[in-house]
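Undergrad: The following block contains the structure, expressed as structure tokens.
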Amino acid sequence: MKVLIVEDEQLAVEKLTQTLQLVAPNATVIASADSVSDSVNWLRNNPGKADLILMDIELADGQSFAIFDEVQVDCPVIFTTSYDEYALKAFKVNSIDYLLKPIQQAELKGALNKLRFFKGDDSIADDQTLKIEHLVRELQKQSGMVEYRKRFLVKHLQKLVPIDVETIAYFYSDERVNFFRCYDNKSYIVDYTMDDIEQVVDPKLFFRPNRALIVSVNSVDQIQPYFGNRLALRLKPEYEKEALVSREKVTEFKIWMGK
Numbered sequence: 001m002k003v004l005i006v007e008d009e010q011l012a013v014e015k016l017t018q019t020l021q022l023v024a025p026n027a028t029v030i031a032s033a034d035s036v037s038d039s040v041n042w043l044r045n046n047p048g049k050a051d052l053i054l055m056d057i058e059l060a061d062g063q064s065f066a067i068f069d070e071v072q073v074d075c076p077v078i079f080t081t082s083y084d085e086y087a088l089k090a091f092k093v094n095s096i097d098y099l100l101k102p103i104q105q106a107e108l109k110g111a112l113n114k115l116r117f118f119k120g121d122d123s124i125a126d127d128q129t130l131k132i133e134h135l136v137r138e139l140q141k142q143s144g145m146v147e148y149r150k151r152f153l154v155k156h157l158q159k160l161v162p163i164d165v166e167t168i169a170y171f172y173s174d175e176r177v178n179f180f181r182c183y184d185n186k187s188y189i190v191d192y193t194m195d196d197i198e199q200v201v202d203p204k205l206f207f208r209p210n211r212a213l214i215v216s217v218n219s220v221d222q223i224q225p226y227f228g229n230r231l232a233l234r235l236k237p238e239y240e241k242e243a244l245v246s247r248e249k250v251t252e253f254k255i256w257m258g259k
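Written as structure tokens, this is what we have:
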């Protein structure tokens, strides 16, 4: 992976390079630019050479957003900045993440993992962007300000009914329709994808053991080993299908249950 760093402080370039080498040993910093004009010139003279750009926003001669007005940027960008007010603007270009300084090793590693996720493998995407809601939520997580959904508004008997999240035992998918079941054993259709639900509920309280199920920690009544290095869950209220933890998520699930 070939990386271009756009940063006007040499010490920051060195620290970012060191952190990058720790979290992605296969990454190589092929160049650095310290201004809008230098960045534009490098990108014009080296089209397609960078797989990823780590880009500060406030540069000596202006904001780095101006670069995108001057030259085509085809590779993904991870923005690095000391300020949080640029998140929405960052989304409008090829932003894969938005990291607040000082850059932490775990945060940079997470951003690179996200880059691989959106590509679908370990190579680099040419044009991948985050959904605006997800980008803002990630920024909120970094600042400790994230708020998760407290209730869902659902249709029931031709009425709209608010259901508190704390009363929900699990979300499940059945025949391409998504539901949640409450502890009183009542089920409701929910107008969200499972991916969306996973993003808006508190991960301390809910876990997604497989693609079709998201369970509350309080709904797990029993855990048993299952074929293929998986786990089988007994849920309350009873879930009619097999509630399995996929092999890839077994370790993460055990950690989550033990918190």
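For the sequence shown, position 232 matches number 232 in the working numbering, and the numbering has no gaps at all.
Note that CB positions come from ideal geometry on N, CA and C, so glycine has one too.
Measure the C-alpha to C-alpha separation of Val161 and Leu205 and round it to an integer number of angstroms.
TA: Reading the sequence shown from its first residue, position 161 is the one you call residue 161. Reading the sequence shown from its first residue, position 205 is the one you call residue 205. Using only the alpha carbons, I get a separation of about 22 Å.
Undergrad: Inspect the CB distances between the segment 71-78 and the segment 41-59 and report whether three or more fall short of 8 Å.
TA: Enough Cβ pairs lie closer than 8 Å, so yes.
Undergrad: Between Asp127 and Phe179, what straight-line distance do the alpha-carbon atoms span, to the nearest angstrom?
TA: Here the question's residue 127 lines up with position 127 in the sequence shown. Here the question's residue 179 lines up with position 179 in the sequence shown. With a pLDDT of 35 at Asp127, under the threshold of 50, the predicted position of this residue should be treated as unreliable, though the coordinate-derived value follows. Going from the Cα of Asp127 to the Cα of Phe179 covers about 33 Å.
Undergrad: Taking DSSP as the reference, what is the three-state secondary structure of Ser39?
TA: On the sequence shown, residue 39 is found 39 positions in, with the first residue counted as 1. Ser39: helix per DSSP, three-state reduction.
Undergrad: Which residues bound the beta strand (DSSP E) around Asp174?
TA: In the sequence shown, counting from the first residue as 1, residue 174 sits at position 174. That run of the beta strand (DSSP E) goes Ile168 to Asp174.
Undergrad: Report the option in Leu213, Thr193, Val250 and Glu175 whose CA atom is closest to the CA atom of Arg181.
TA: Position 181 of the sequence shown holds residue 181. It is Leu213 whose Cα lies nearest to the Cα of Arg181.
Undergrad: Just how far apart, CA to CA, sit Val154 and Tyr188?
TA: Mapped onto the sequence shown, residue 154 falls at position 154. Mapped onto the sequence shown, residue 188 falls at position 188. Cα to Cα, the separation comes out at about 7 Å.
Undergrad: Does the separation of the CB atoms of Val29 and Ile67 fall below 7 Å?
TA: Here the question's residue 29 lines up with position 29 in the sequence shown. Here the question's residue 67 lines up with position 67 in the sequence shown. Contact: no.
Undergrad: Start and end of the alpha helix (DSSP H) containing Phe253?
TA: Taking the first residue of the sequence shown as position 1, residue 253 is located at position 253. Note, Phe253: alpha helix (DSSP H), Val250 to Met257.
Undergrad: Compute the Euclidean distance between the alpha carbons of Gly62 and Asn45, then round it to the nearest angstrom.
TA: Numbered from 1 along the sequence shown, position 62 holds the residue referred to as residue 62. Numbered from 1 along the sequence shown, position 45 holds the residue referred to as residue 45. The alpha-carbon atoms of Gly62 and Asn45 are separated by roughly 21 Å.
Undergrad: Below 8 Å CB to CB, which residues in the same chain sit around Met1 once its five sequence neighbours on both sides are set aside?
TA: Residue mapping note: residue 1 aligns to position 1 of the sequence shown, counting from 1. If we look at Met1 and ignore the five residues flanking it on each side, its Cβ neighbours are Ala24, Asn26, Ala27, Thr28, Asp51, Leu52 and Ile124.
Undergrad: Ends of the alpha helix (DSSP H) at Val13?
TA: For the purposes of this step, residue 13 is taken as the residue at position 13 of the sequence shown. Note, Val13: alpha helix (DSSP H), Gln10 to Val23.
Undergrad: Going by the beta-carbon positions, is the gap between Leu235 and Ser219 smaller than 7 Å?
TA: Numbered from 1 along the sequence shown, position 235 holds the residue referred to as residue 235. Numbered from 1 along the sequence shown, position 219 holds the residue referred to as residue 219. Yes, the pair counts as a contact, with Cβ atoms nearer than the cut-off.
Undergrad: Ends of the beta strand (DSSP E) at Ile30?
TA: Reading the sequence shown from its first residue, position 30 is the one you call residue 30. Segment Thr28 to Ala33, the beta strand (DSSP E) holding Ile30.
Undergrad: Kindly list the residues whose CB is nearer than 6 Å to the CB of Gln222, restricted to its own chain and excluding five residues on each side of it in sequence; keep chain order.
TA: As a position in the sequence shown, residue 222 is number 222, starting the count at 1. Answer for Gln222: Arg234, listed in chain order.
Undergrad: What residues in its chain sit with their C-beta under 6 Å from that of Leu130, if we drop five residues either side in the sequence?
TA: Looking up residue 130 in the sequence shown gives position 130. Low confidence applies here, because Leu130 scores a pLDDT of 39, under 50, leaving its location unreliable; read the following figure in that light. So the list is empty, once near-sequence residues are dropped.
Undergrad: Taking 7 Å as the threshold (C-beta atoms), are Val200 and Arg149 in contact?
TA: Position 149 of the sequence shown, counting from 1, holds the residue named residue 149. Position 200 of the sequence shown, counting from 1, holds the residue named residue 200. Yes, these two residues count as a Cβ contact at 7 Å.
Undergrad: Could you say which of Leu16, Gln224 and Thr167 lies nearest to Lys254 if we only look at CA atoms?
TA: Locating residue 254 in the sequence shown gives position 254, counting from the first residue. Among Leu16, Gln224 and Thr167, the Cα nearest to that of Lys254 belongs to Gln224.
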